[in-house]
Amino acid sequence: MAKQLGISQSSIVKFAQKLGAQGFTELRMALIGEYSASREKTNATALHLHSSITSDDSLEVIARKLNREKELALEQTCALFDYARLQKIIDVISKAQFIQITGLGGSALVGRDLSFKLMKIGYRVACEADTHVQATVSQALKKGDVQIAISYSGSKKEIVLCAEAARKQGATVIAITSLADSPLRRLAHFTLDTVSGETEWRSSSMSTRTAQNSVTDLLFVGLVQLNDVESLKMIQRSSELTQRLK
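Have a look at this one:
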């Protein structure tokens with residue numbers, strides 16, 4: 001330190017003694033202790049609310065952090081797309097006689113949104129919130145039907161149980177899940193990978209849903225494109241009907 005500051009070692013010792021320490025070593029240890037105490041105090045007062053967001057962040061900082069987290073989820077998920085496989089999955093869904101969508105929590109919200117979109121363009125879809133009903137529908141599927149299972153972890157027992165039942169009945173299982181090895185991933189005929197940068201401090205599946213929605217929206221647009229004229233007619237009719245409800 002003396003060399004970096006361009007002063008003698010004795011000057012540093014004298015400075016430490018003026019601060020009440022016997023020498024530089026004691027001053028150094030006191031500074032380390034103070035720094036550690038300051039860190040502990042910060043961690044105690046600034047609670048982690050979600051990922052890198054803490055209770056001390058302003059709304060402007062929170063907005064920037066949330067936007068960046070979602071941007072990363074989208075970028076990383078899109079980078080993983082195997083577009084040839086995605087097209088094959090779209091073809092399989094387009095030929096489905098019946099589609100079941102399963103999911104829990106935030107994944108269920110993504111599934112419900114996809115089910116509304118698919119029904120709008122003429123597909124027969126079931127997306128039930130009750131897990132017992134999900135299981136009941138799964139065991140009634142047959143060859144030619146498709147189950148779309150949405151689970152980031154791929155290990156939720158309810159979703160795995162439904163996938164097992166669907167596969168046993170001859171239905172095609174498509175999983176929207178993370179890259180991690182999981183029971184759902186092993187059961188699925190096709191997987192669509194998603195990436196989320198959320199940490200253990202997650203309060204809600206925000207970026208996970210963003211990544212999942214990017215996949216389901218791509219599936220929807222791909223299906224519209226396959227049968228564009230008829231799909232657009234149905235979307236227009238749906239819009240006209242809902243306008244009459246206002």
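In terms of full-length UniProt numbering, the sequence shown opens at residue 1 and continues consecutively. Ideal placement from N, C-alpha and C gives every residue a C-beta, glycine not left out.
- A166 and L141 do touch by the CB rule: their CB atoms are close to 5 Å apart, below 8 Å.
- Your pair I101 and C78 does not check out as a contact, with CB atoms roughly 22 Å apart and the cut at 8 Å.
- Under the three-state reduction of DSSP, G144 is assigned to coil, being neither helix nor strand.
- Contact between the segment 138-153 and the segment 163-179 is present: three or more C-beta pairs spanning the two stretches fall below 8 Å.
- In this structure, the CA atom of S138 is about 7 Å from the CA atom of A163.
- Boundaries of the beta strand (DSSP E) harbouring T102: I99 to G103, taken from the DSSP string.
- If one requires a minimum length of 3 residues, the beta strand (DSSP E) runs lying completely within the UniProt domain "SIS" (89-229) are 99-103, 146-150, 172-177 and 190-193, in chain order.
- Secondary structure at L74: helix, using DSSP grouped into helix, strand and coil.
- Annotated three-state conformation of L245 is coil, per DSSP.
- Under a 10 Å Cβ-count criterion, E230 is classified as exposed, with fewer than 16 other Cβ atoms of the shown protein chains found around its own Cβ.
- Segment contact: the segment 212-230 against the segment 73-87, three or more CB-CB distances shorter than 8 Å; contact assigned.
- A check of alpha carbon separations from D113 across Q87, Q212 and S58 identifies Q212 as the nearest.
- Assignment of L19 by DSSP, reduced to helix, strand and coil, places it in the coil class.
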